[in-house]
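Visitor:
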Amino acid sequence: MLDILVHRVYFFFESGIIVYVFTINFIYFFLTLIAYFSLRKHHLHFTPVEQDALLRSPLLPALSLIVPAYNESATCRESVGGMLRLDYPNYEVVVVNDGSKDNTLQVLIETFHLYKSAQVASGTLVTKPVKQVYQSADPVRLVVIDKVNGGKADAINVGLNAATSPLVMVVDSDSLIESTGLLDMVKAYMEDPERIIAVGGTVRAVNDCDVEHGRVKTIRTAKSHLANFQSVEYLRAFLGGRVGFSLMNALLIISGAFGLFRRDAVLEAGGFDGDSIGEDMELVVRMHRLWLEKKKPYRIAYVAAPVCWTEVPDSLKILHRQRKRWQRGTVESLWRHREMLFNPRYGVVGMFAFPYFAIFEMLGPAVEFLGYFLTILGLVFRIIAPPIAILFFSVSVMFGILLSTSAVVLEEFTICRFPSWKHSNRLFFSAIAENFGFRQLLTFWRVQGLIEAIKGKKGGWGAMERKGFNVVKRA
Amino acid sequence: LKRRWRPHVGRARRLAKTWWKAFRRTGLGRAVILIKAAITMAVFLYPVWWLHINVVSSRISEVPLSLAVSFIGVQIAGICVQLLASTSAKKVESMRTARSERLRPVIRGHIAAQLTGVDRLTELRVLRRRAIRDVEVCLVEYLTAIGGEAHGRICELAVKLDLVKRWSRRARRGRRDCKQAVEYLGQLTPDLARPALLPLLKNPKMAFEPIVYRALLRCASSEDLSVLFRNAASAPLSVQAMLAGELRDHAAVLTAVALPAVLKDGTPHQIVGALRMGAAWRCPLPLAVGLAMMRNHDPKVRAGALKLIGFNRLDRLTENLIVYSLDDPDPQVKIVAMALAGRFRLAAGLSRLMSLAHHDDGELGRAACMTLSMLGATGEAFLQNELVTSDARSAGRAAESLARLRLLEVA
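As given, the protein sequences belong to chains A and B, one line each in that order. One gets the working numbering by counting positions in the first sequence from 1 and adding 14 to each. One gets the working numbering by counting positions in the second sequence from 1 and adding 266 to each.
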């Protein structure tokens with residue numbers, strides 16, 4: 015009797031997990047298909063002639079680039095240098111040094127010839143005290159604000175206070191923006207300036223790409239498989255998921271590494287939340303919530319063309335820390351706005367995007383992990399036959415491969431930044447190989463992150479040890 | 267009864283038309299993408315069912331297992347198709363490039379010979395059938411490089427090779443390559459380009475493409491310019507930004523005729539667009555028109571009009587209008603008025619600015635402090651006083667404005 019009961023309970027859970035895995039994969043696949051058709055339609059909307067006309071236009075809005083920095087001495091010289099050389103006529107760079115323990119500030123002062131300024135960064139957002147404001151003696155609009163350590167969100171808020179433009183772009187200090195990145199993002203905003211309150215761009219791995227004068231010169235895949243696995247993962251997340259969600263105006267994440275916001279909208283929403291770990295997601299969810307509650311028309315968009323290149327972790331230890339942190343951020347943001355879950359008041363966001371994130375992104379790793387655990391348990395106690403276990407595992411893995419290769423194909427047929435066969439083949443190999451071990455490892459780490467979030471663990475900066483960019487030096 | 271219902275029917279029809287237009291603009295494209303994705307999904311899933319029924323179920327009796335095996339088969343096929351598509355796309359591209367490199371010099375030679383009077387039409391027609399894109403590219407190269415009488419001859423050649431018809435057709439369809447077609451059409455002589463390009467302004471897919479305006483500007487008559495301006499005023503800001511520079515050469519004509527016409531009978535969206543373009547050209551708005559605009563209920567119209575009024579020479583009326591606008595209920599208008607008060611150093615606005623410096627809206631307070639710092643000794647004294655007497659927030663704003671003033675002085 016007990017034996018039958020155990021079997022029934024076991025199969026109930028196992029079937030549930032199979033249905034879950036199929037549902038999540040079909041949703042991913044559907045989002046990837048949406049992304050394909052959407053990108054094919056919209057991607058080639060910007061010819062070089064139009065780009066030139068826009069660059070010369072007096073109607074182009076001014077923009078402030080906010081760069082929060084913490085212990086970034088290895089990369090800040092190249093990245094800030096690159097940010098000062100972008101193709102945009104009217105912008106300023108505001109670097110906020112959040113009490114770095116290394117010599118980030120010193121590197122900035124020496125490289126960009128900064129002098130102490132009398133300027134005060136006052137504004138509507140309450141932040142940790144500002145120690146000193148520096149400005150560049152060079153003919154560039156660079157402001158460096160040195161402040162007491164308060165976390166990334168607090169640093170961005172200081173930047174928001176100091177910004178003088180109607181548009182602000184938040185960029186990580188270890189990132190390199192493509193020369194036309196600002197223009198592409200602003201153009202997306204200008205398509206509908208009344209409604210668009212935030213625009214997200216694509217983030218990609220810069221590991222082993224050649225960097226010259228703060229710009230990515232030669233794009234190539236990384237030598238390390240770990241970095242390539244992450245490249246595929248980024249492609250899947252950005253080109254697949256976000257395009258689809260953006261089409262439905264239900265985008266819940268704009269990467270903190272590369273996001274454009276209307277300054278007045280961020281101030282209206284109360285700025286970035288200093289207590290939050292996933293401050294980027296939390297702000298976007300909060301903006302959705304506030305605008306839907308106020309019944310104001312709005313759009314949070316994603317554009318695939320502008321790319322921000324960032325260094326992805328090259329070691330398992332740092333990746334582990336990063337993924338746990340991301341998972342904690344997701345859980346925290348969703349928990350904070352849990353009233354939105356299946357709430358018709360919040361439209362597509364409340365009825366589709368939020369439940370999707372809660373059920374599949376937040377709980378997904380736990381369910382997947384449970385699936386592996388139950389399969390092993392079933393095999394040990396001979397509840398299921400090995401061929402059946404292998405068969406269902408194969409279906410799941412194969413779906414993963416299909417999604418990853420779809421993301422790579424999506425990149426090739428729309429944006430196409432890997433011109434050589436060698437690199438795209440390597441990416442295809444990574445798309446297949448990441449499903450054997452890497453994906454399972456990520457699942458495990460995300461479960462750890464979920465547990466830490468439930469325990470209520472807090473975190474400051476998600477700093478990682480930098481290798482620095484692969485800088486090309488001219489003879 | 268008919269007469270009684272007629273207005274309602276008309277209203278319903280207009281409403282339906284507006285909804286349909288809005289849906290076409292935003293929802294239709296989205297719906298088409300969703301339908302395409304759903305169809306592709308069905309195309310992917312149907313073979314699973316087919317394999318399960320016709321092949322696998324006869325060997326594996328259990329339905330879930332049979333379905334799983336069929337699904338794996340389709341997944342493997344899907345992955346293979348993707349790899350094949352990626353590889354073949356690159357191969358085709360490299361082959362096409364190699365062929366173009368081989369053929370283009372030949373095509374260029376034939377076109378050059380044709381220009382000198384040698385009849386190479388037959389050879390070019392053969393090449394058109396074999397490699398139409400290469401013929402197009404070479405012909406357009408000549409069109410852009412050569413002017414005068416020879417340009418006319420190349421246009422004739424384009425007509426004879428049926429390329430003009432092809433480009434018009436491609437431009438009308440509004441697909442991926444439509445922009446290229448419009449660009450090609452824009453290189454033709456006005457008598458050929460204008461009839462092909464003007465209808466595109468009524469084509470919903472192409473009406474707001476900057477490339478159409480650029481092409482049309484090369485061949486537009488003065489009446490066309492007004493139509494272009496009105497259309498551009500209804501376009502999104504991104505398009506207006508691209509066109510502001512293009513239309514600047516005709517700013518004198520447009521501000522004299524087209525701008526007042528749009529301000530007179532345009533929709534609020536058009537008026538805002540027109541004012542925005544006027545501001546880009548720094549075109550002063552006559553005070554009589556400006557006053558009427560300042561009575562508009564839409565704050566965007568008021569703010570836009572005030573910006574243009576700021577390009578007038580400062581007189582008593584303009585000064586009064588700017589100072590009066592500091593009391594406008596809308597913050598956008600207030601900020602424009604403050605910017606103008608700072609630029610013209612309007613001492614008359616001092617008292618209003620002083621009260622605005624304590625405004626609850628932090629941004630307005632900040633802007634007011636900035637303006638006060640530009641108003642000379644009185645404004646500066648007020649800000650100095652704020653540093654010691656006011657609350658922390660106002661003192662912070664004052665300190666920031668004074669610091670910026672010092673920086674400007676140093677600069």
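In this text, a Cβ means the ideal position worked out from N, Cα and C, and glycines have one as well.
1) So with Cβ pairs under 9 Å, would you call B:Gly295 a contact of chain A?
2) Could you tell me the alpha carbon to alpha carbon distance between B:Gly576 and B:Ala613, rounded to whole angstroms?
3) Would DSSP call A:Phe272 helix, strand or coil?
4) Looking at C-alpha atoms only, which residue of A:His302, A:Arg359 and A:Leu47 is the closest neighbour of B:Val309?
5) For chain A, is any of its Cβ atoms less than 9 Å away from the one on B:Ala571?
6) Would you call A:Glu124 buried or exposed, if buried means 16 or more other Cβ atoms sit within 10 Å of its Cβ?
7) Can you look up A:Asn111 in the DSSP assignment and give me helix, strand or coil?
8) Using only the alpha-carbon positions, how far apart do B:Ala498 and B:Val340 sit?
9) Buried or exposed, going by whether 16 or more other CB atoms sit within 10 Å of the CB of B:Pro465?
10) If the criterion is Cβ atoms closer than 9 Å, does the pair A:Val147 and A:Val162 meet it?
11) Might you give, ordered along the chain, the residues of its own chain that have their beta carbon closer than 7 Å to the beta carbon of A:Leu393, omitting 5 neighbours on each side?
12) If you measure between the beta carbons of B:Leu513 and B:Trp547, is that distance less than 9 Å?
13) Is the separation between the beta-carbon of A:Ala67 and that of A:Asp112 shorter than 9 Å?
14) Helix or strand or just coil, what does DSSP make of A:Lys331?
15) Say whether chain B places a C-beta atom closer than 9 Å to the C-beta of A:Ala318.
16) Just tell me which of A:Met365, A:Val345 and A:Leu424 has its CA closest to the CA of A:Thr296.
17) So for A:Leu190, helix, strand or coil by DSSP?
18) Can you tell me whether B:Val347 is buried or exposed? The criterion is at least 16 other CB atoms within 10 Å of its CB, across all chains shown.
19) Who pairs with A:Gln149 in a beta bridge, going by DSSP?
20) Tell me where the beta strand (DSSP E) around A:Ala83 begins and ends.
21) Output needed for A:Met262: all residues of its chain with C-beta closer than 8 Å, excluding positions within five of it in sequence on either side, in chain order.
22) Answer with yes or no whether the minimum CB distance from B:Ile537 to chain A is below 9 Å.
23) By the 10 Å Cβ neighbour count, where 16 or more other Cβ atoms means buried, how is A:Ser29 classified, buried or exposed?
24) What residue does the beta strand (DSSP E) around B:Ala498 start on, and which one ends it?
25) Helix or strand or just coil, what does DSSP make of A:Trp323?
26) Who are B:Asp428's beta bridge partners in DSSP?
27) Give the straight-line distance between the Cα atoms of B:Ala378 and B:Arg399, rounded to the nearest whole angstrom.
28) Between which two residues does the beta strand (DSSP E) containing A:Phe213 stretch?
29) At the 9 Å Cβ level, is A:Ala489 part of the contact set with chain B, yes or no?
30) Beta strand (DSSP E) containing B:Leu454: first to last residue?
31) In the structure shown, what three-state DSSP assignment does B:Ile420 receive?
32) Express the C-alpha separation of B:Leu638 and A:Ser418 in angstroms, rounding to a whole number.
33) Using a Cβ-Cβ cut-off of 7 Å (strictly less than) and excluding sequence neighbours within five positions of A:Ala489, which residues of its own chain qualify?
34) Going by Cα to Cα distance, which pick from A:Pro379, A:Asn85, A:Tyr129 and A:Ile314 is closest to A:Tyr203?
35) What span of residues does the beta strand (DSSP E) with A:Leu181 cover, start to end?
36) Reducing DSSP to helix, strand and coil, say where A:Ala236 ends up.
Guide: With the structure as the only source:
1) Judged by the 9 Å Cβ criterion, B:Gly295 is in contact with chain A.
2) Roughly 16 Å between the two C-alpha positions.
3) If DSSP states are grouped into helix, strand and coil, A:Phe272 belongs with the strands.
4) For B:Val309, the nearest C-alpha among the options comes from A:Leu47.
5) Taking Cβ atoms only, chain A never reaches closer than 9 Å to B:Ala571, which makes this a no.
6) With fewer than 16 Cβ atoms within 10 Å of its Cβ, A:Glu124 is classed as exposed.
7) Shown here, A:Asn111 sits in a strand according to DSSP, grouped into three states.
8) The alpha-carbon separation between B:Ala498 and B:Val340 amounts to approximately 50 Å.
9) B:Pro465 comes out exposed.
10) A:Val147 is not a Cβ neighbour of A:Val162, given a cutoff of 9 Å.
11) Cβ neighbours of A:Leu393 beyond the five flanking positions: Pro400 and Ala403.
12) Going by C-beta atoms, B:Leu513 is nearer than 9 Å to B:Trp547.
13) Their beta carbons are not under 9 Å apart, which means A:Ala67 does not touch A:Asp112 by this criterion.
14) In the structure shown, A:Lys331 sits in a helix (DSSP, three-state: H, G or I).
15) It does not; no Cβ of chain B falls within 9 Å.
16) Note on residue identity: the sequence assigns Glu, not Thr, to residue 296 of chain A. Looking at the Cα atoms, A:Val345 is the closest of the given residues.
17) A:Leu190 falls in the strand class under three-state DSSP.
18) Result: exposed.
19) DSSP output for A:Gln149 lists A:Tyr129 and A:Val157 as bridge partner(s).
20) Leu77 to Ala83 is the extent of the beta strand (DSSP E) around A:Ala83.
21) Result list for A:Met262: Val362, Phe366 and Ala367, in chain order.
22) Closer than 9 Å: no.
23) By the neighbour-count criterion, in which 16 or more other beta carbons inside 10 Å mark a residue as buried, A:Ser29 falls on the exposed side.
24) Note, B:Ala498: premise wrong, no beta strand (DSSP E); alpha helix (DSSP H) at Ser488 to Ser500.
25) DSSP places A:Trp323 within a strand segment (E or B) once states are collapsed to three.
26) DSSP output for B:Asp428 lists no bridge partner at all.
27) Taking C-alpha positions only, B:Ala378 is separated from B:Arg399 by approximately 18 Å.
28) Rather than Phe, the amino acid found at residue 213 of chain A in this sequence is Val. Element bounds for A:Val213: Ile210 to Ala219.
29) Unreliable positioning characterises A:Ala489 in this predicted model, as indicated by a pLDDT of 43, which lies under 50. The coordinate reading is nonetheless provided below. For A:Ala489, no CB of chain B lies under 9 Å from its own CB, so it is not counted at the interface with that chain.
30) DSSP places B:Leu454 in no beta strand (DSSP E); its state is neither H nor E.
31) Helix.
32) Cα to Cα, A:Ser418 sits roughly 58 Å from B:Leu638.
33) Low per-residue confidence applies at A:Ala489: pLDDT is 43, beneath 50, and the placement is therefore not dependable enough to give any value.
34) In terms of CA proximity to A:Tyr203, A:Ile314 leads the group A:Pro379, A:Asn85, A:Tyr129 and A:Ile314.
35) Judged by DSSP secondary structure, A:Leu181 falls within the beta strand (DSSP E) whose first and last residues are Leu181 to Val185.
36) Residue state for A:Ala236 is assigned as coil, using DSSP reduced to three classes.
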